[in-house]
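In structure tokens form, the structure reads like this:
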């Protein structure tokens with residue numbers, strides 16, 4: 007298994023639609039304003055966060071149950087900035103839509119800019135032949151409100167290519183999150 011370079015990421019995105027929309031360079035400024043960087047990096051791709059957020063709230067004293075998740079546990083917000091309450095979390099999705107090749111596993115890591123503020127980004131691996139918007143989870147580990155900026159970089163995707171294709175891909179299994187668009191809540 008090998009980690010793929012910026013050259014491979016560009017080729018797969020521009021010629022095979024692996025990432026859309028695709029930014030072929032690191033973007034650090036938009037309209038002369040500094041942003042948290044996004045786009046191709048040396049050995050990965052920094053994804054952007056959409057402006058659609060689901061902020062966790064416990065107004066209904068719900069129990070967080072992955073087998074029976076109550077969508078009323080979230081407040082929907084569409085804004086250029088999301089403020090996550092202390093010791094809470096929010097969901098969002100990438101602006102980018104991914105189509106992962108059959109011989110690739112993609113791992114997501116949070117950007118250090120957010121990690122240094124106590125904001126942890128959690129995403130499970132993108133399996134071979136999975137496609138969709140990536141649902142992002144932001145945990146605010148601090149006892150202060152924390153900001154997430156829409157349309158800016160929030161996490162880095164690393165692409166690991168195997169020397170052989172898997173026997174059964176996510177698509178073959180009919181995975182429940184295949185083709186997801188927008189923020190997708192847990193389903194069992």
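In the numbering used here, the protein residues as written are 7 to 194.
For every residue, glycine included, the Cβ atom is placed at its ideal position computed from N, Cα and C.
Could you have a look at residue 47 and say whether DSSP puts it in helix, strand or coil? strand
Can you check DSSP and say which residues form a bridge with residue 116? 161
From residue 194 to residue 129, what distance separates their C-alpha atoms? 17 angstroms
Return the CA-CA distance between residue 49 and residue 85, expressed in angstroms with no decimal places. Each residue's alpha carbon lies about 31 angstroms from the other.
Just mark residue 148 as buried or exposed, buried being the case when its beta carbon has 16 or more other beta carbons within 10 Å. Result: exposed.
Considering only residues of the same chain and omitting the five flanking positions on each side of residue 82, which have a CB-CB separation below 7 angstroms? 60
Is the separation between the beta-carbon of residue 142 and that of residue 55 shorter than 8 angstroms? yes
Counting C-beta neighbours from all protein chains within 10 Å, is the total for residue 70 16 or more, i.e. buried, or is it exposed? exposed
Confirm, please, whether the CB-CB distance from residue 191 to residue 27 is below 8 angstroms. no
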